[in-house]
Amino acid sequence: DAKTTQPNSMESNEEEPVHLPCNHSTISGTDYIHWYRQLPSQGPEYVIHGLTSNVNNRMASLAIAEDRKSSTLILHRATLRDAAVYYCILRIGNDKIIFGKGTRLHILP
Amino acid sequence: DAMVIQNPRYQVTQFGKPVTLSCSQTLNHNVMYWYQQKSSQAPKLLFHYYDKDFNNEADTPDNFQSRRPNTSFCFLDIRSPGLGDAAMYLCATTTTGVSNQPQHFGDGTRLSIL
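Protein chains in written order, with the numbering used here: chain A, 1 to 109; chain B, 110 to 223.
Here's what the structure looks like:
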């Protein structure tokens, strides 16, 4: 399985943008980049996914490097409710998801 | 509206006493997954169903079994729980009808072993 590398934890101030990095140097041409997050005491929640082009939705933006070996999840204006563990995952089609360790995001008021 | 429902949210059982966790979904998804998540760790896939086809992960202990009587329901049976099986158990669903559909997770059942 292709692997991803994320920082263990990050901090950000409330109402500021947050850039969460993910390295996936062994990504294959058919791997999609997915992001999920897990708030305390809840199940994981889908955030966004993309293949080559940058993607935007109501929750976040996904910036994908031209060589696809890295990507960045962007939260445009962090709130306290965005404090969670964020998982970057490579996935082929509707294949099963294998979670890595993720990044624990702390939001400072 | 809850779409993947896990009951109960908290379950306590005794060492060695069989326990069943349940999951139901209102999404009519054909794929259902069970994950185990221990404290401060990432979710770990135990097994999943494509429709009625059961797919076990290679390292899932034999102590863990699953049943899917129909599209909406899936059960996780732990035959003889040990202390190491205390964890959050997460159910998730997806559909293979359209490519790259996300997984939808329930809020989990936290299992404690006495």
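Even glycine gets a Cβ: it sits at the ideal position worked out from N, Cα and C.
When Cβ-Cβ separations below 9 Å define contact, B:N209 makes contact with chain A. Rounded to whole angstroms, the separation of the alpha carbons of B:R188 and A:G100 is 28 Å.
Using a Cβ-Cβ cut-off of 9 Å, B:Y142 counts as an interface residue toward chain A, since at least one Cβ of chain A sits closer than that to its own. Nearest neighbour of A:E45 by Cα position, chosen from B:T218, B:P170, B:R219, B:A201, turns out to be B:A201.
Only exposed fits B:P170, as fewer than 16 other CB atoms lie within 10 angstroms of its CB. For A:G29, no chain B residue has a C-beta closer than 9 Å to its own C-beta; the minimum C-beta separation is roughly 15 Å. Burial is judged here by how many other beta carbons sit within 10 angstroms of a residue's own beta carbon; B:G217 has at least 16 and is buried.
Distance from the CA atom of A:L90 to the CA atom of A:G50, rounded to whole angstroms, is 10 Å.
Of all C-beta pairs linking the region 205-212 of chain B to the region 122-130 of chain B, fewer than three are shorter than 8 Å, placing the two stretches out of contact.
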